[in-house]
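Here the structure comes first, spelled out in structure tokens, and everything after it is commentary.
Chains as they are written, first to last, in the numbering used here: chain A, 10 to 255; chain B, 4 to 182.
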């Protein structure tokens with residue numbers, strides 16, 4: 010089975026003030042269909058850079074990125090932009106919604122731009138408004154929504170073209186704990202429906218939503234943990250941590 | 004459990020099974036259910052220590068039920084419990100010991116670290132799912148349970164950060180040419 014995304018030997022340097030900084034120093038990653046992979050690491054470890062390369066937002070200085078088997082790192086900017094519209098959905102920490110469009114139009118426009126018919130785009134928009142509980146905010150301006158609601162709109166935008174891969178960069182970074190939980194529940198539900206997701210975060214708790222957690226440090230991968238399904242003996246853990254004595 | 008039982012008696016007498024139910028309800032399903040035998044044993048000890056007094060309540064067609072009532076001393080104990088700030092959690096020292104003498108014991112400290120990290124992440128994953136399950140079952144909230152789960156998760160986050168410090172220490176103290 011072809012991996013949804015596969016990258017080998019990724020190197021990316023940034024030149025700041027004449028000095029070259031190695032943001033990525035040789036990273037390999039593969040994500041299978043339906044996988045939910047978290048990439049975790051401290052600020053500066055290169056995880057966001059990695060996400061940008063996987064999404065075709067930038068090109069590596071060395072290495073390859075393949076989306077469903079086809080190389081994307083060699084594509085020019087307009088080809089990559091086309092790819093981003095249909096093959097890859099993005100969620101960012103600061104929502105990145107279009108401020109002067111309504112919630113409904115924010116969701117619908119990427120579908121139209123990607124070439125969906127007006128009727129199909131309208132149908133898809135209504136479907137997502139319903140699934141994400143946004144029907145009664147459909148005509149509102151993004152700025153009038155709470156952070157959690159805005160991130161739900163961002164998720165709808167990201168999913169409107171049924172992308173092969175959803176990339177999320179610190180999607181809960183700007184949200185309180187209740188809204189964060191809500192967004193994570195939605196991402197988990199999407200993944201249960203078969204959506205492949207790569208989520209980047211510095212927060213171990215968010216990272217633990219994935220089925221696989223890749224650690225990064227100083228521009229390299231530094232280990233991986235596969236997470237079993239199910240809850241496990243956590244109530245015992247809780248009882249021990251909060252040692253209630255007789 | 005001693006202090007919790009005394010506290011539940013402040014507003015009036017209660018019996019063993021009712022006290023168990025009230026405790027279970029207060030904590031929600033983040034906690035294993037309270038053991039009824041332990042409740043009875045604790046109540047008996049509290050009575051022996053003069054903090055509660057048992058009152059037999061006759062019941063039709065059944066043996067009498069024992070209600071427990073707080074004594075003056077018991078009431079003072081509850082007040083003192085609430086008035087005294089609780090000690091911070093004890094640090095789990097088992098891993099610290101393993102880590103400190105790993106090399107001397109001929110163990111690979113990096114593998115040790117990876118195993119420990121794996122357990123913490125797996126536990127965080129389980130806590131996350133428990134919390135998600137609670138949210139789905141109780142959108143309005145679930146007593147103290149979400150806070151308890153949060154607390155456990157925060158402790159694990161701190162433990163993971165500590166592992167990162169341990170990793171830095173390993174890197175710094177690595178013998179030249181590899182440990």
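Beta carbons: idealized from backbone N, C-alpha and C, even for Gly.
Check                                                                                                                                                                          : Outcome
Is the CB of residue 100/B under 8 Å away from at least one CB in chain E?                                                                                                     : Chain labels in this structure do not include chain E; the protein chains are A and B.
Could you tell me which residues DSSP puts in a beta bridge with residue 24/A?                                                                                                 : 29/A
Is residue 218/A close to chain B? Criterion is C-beta to C-beta, closer than 8 Å.                                                                                             : yes
Residue 28/B touches chain A at which residues, Cβ-Cβ below 8 Å?                                                                                                               : Going along chain A, no residue has its Cβ under 8 Å from residue 28/B, so there is no contact; the nearest lies around 15 Å.
Could you check whether the Cβ of residue 38/A sits closer than 8 Å to any Cβ belonging to chain B?                                                                            : no
List the residues of chain A that residue 152/B touches, going by C-beta distances under 9 Å, in chain order.                                                                  : 243 and 247
Can you check whether the CB of residue 72/B is closer than 8 Å to the CB of residue 60/B?                                                                                     : no
Please confirm whether any heavy atom of the ligand FMN lies closer than 7 Å to the CB of residue 140/B.                                                                       : In the structure shown, the ligand FMN is absent, as is every other ligand, since no ligand is present at all.
Mind reading off the beta-carbon distance from residue 174/A to residue 205/A? Whole number of angstroms is fine, and I expect it under 8 Å.                                   : 5 Å
Run through the DSSP bridge pairs and tell me what residue 256/A is partnered with.                                                                                            : Nothing can be reported for residue 256/A: it is not among the residues displayed for chain A, which extend from 10 to 255.
If the cut is a Cβ gap below 8 Å, which residues of chain A does residue 126/B touch?                                                                                          : 241, 243 and 246
By the criterion of Cβ-Cβ separation under 7 Å, what are the contact partners of residue 194/A in chain B?                                                                     : 135 and 138
Can you tell me the Cα-Cα spacing of residue 114/B and residue 126/B, whole angstroms?                                                                                         : 18 Å
For the alpha helix (DSSP H) holding residue 166/A, just list the boundary residues, first then last.                                                                          : 156-168
With three or more beta-carbon pairs closer than 8 Å as the criterion, would you say the segment 23-32 of chain A touches the segment 197-214 of chain A?                      : no
Does the beta-carbon distance from residue 13/A to residue 42/A come in below 8 Å?                                                                                             : yes
Buried or exposed for residue 100/B, going by 16 or more other Cβ atoms inside 10 Å?                                                                                           : exposed
Are the beta-carbon atoms belonging to residue 241/A and residue 129/B less than 8 Å from one another?                                                                         : yes
With a CB to CB cut of under 6 Å and the five nearest residues on each side skipped, what residues in its chain are close to residue 235/A?                                    : 221
Taking a cut of 7 Å between CB atoms, which residues from the segment 220-236 of chain A lie near chain B?                                                                     : 222, 232, 234 and 236
Take residue 119/A as the anchor and find which of 192/A, 98/A and 103/A has the nearest alpha-carbon.                                                                         : 98/A
Beta-carbon separation of residue 115/A and residue 171/A under 8 Å?                                                                                                           : no
Please list, in chain order, the residues of the segment 183-215 of chain A that have any C-beta partner in chain B closer than 9 Å.                                           : 186, 190, 191, 193, 194, 197, 212, 213, 214 and 215
Does residue 47/A come out as helix, strand or coil in the three-state DSSP assignment?                                                                                        : strand
Given this structure, state the Cα-to-Cα distance separating residue 182/B from residue 167/B, to the nearest angstrom.                                                        : Here the model assigns residue 182/B a pLDDT of 46, short of 50, so the residue's position is not dependable and the matter cannot be decided.
Just list the beta strand (DSSP E) runs in the segment 107-191 of chain A, keeping only unbroken ones of 3 residues or longer that don't cross its boundaries, in chain order. : 174-178
Compare the C-alpha of residue 76/A against each of 38/A, 107/A, 56/A and 106/A and name the closest.                                                                          : 38/A
Could you say if the segment 117-126 of chain B and the segment 158-174 of chain B meet the contact criterion of at least three C-beta pairs nearer than 8 Å?                  : yes
According to the Cβ coordinates, are residue 188/A and residue 219/A closer than 8 Å?                                                                                          : no
From what residue to what residue does the alpha helix (DSSP H) around residue 4/B run?                                                                                        : Run containing residue 4/B: none; DSSP gives neither H nor E here.
Can residue 136/B and residue 30/B be called in contact, C-beta distance under 8 Å?                                                                                            : no
Between the segment 35-52 of chain B and chain A, which residues of the former have a C-beta closer than 8 Å to a C-beta of the latter?                                        : 35, 41, 44 and 45
Can you tell me the Cβ-Cβ gap for residue 81/B and residue 37/B, rounded? I've got them flagged as a contact below 8 Å.                                                        : Not a contact, Cβ separation roughly 18 Å.
Where does residue 247/A sit, in a helix, a strand or coil, going by DSSP?                                                                                                     : helix
Could you tell me which of 60/A, 16/A and 191/A sits nearest to residue 138/B, measuring between CA atoms?                                                                     : 191/A
If you measure from the beta carbon of residue 129/B to each beta carbon in chain A, is any gap under 8 Å?                                                                     : yes
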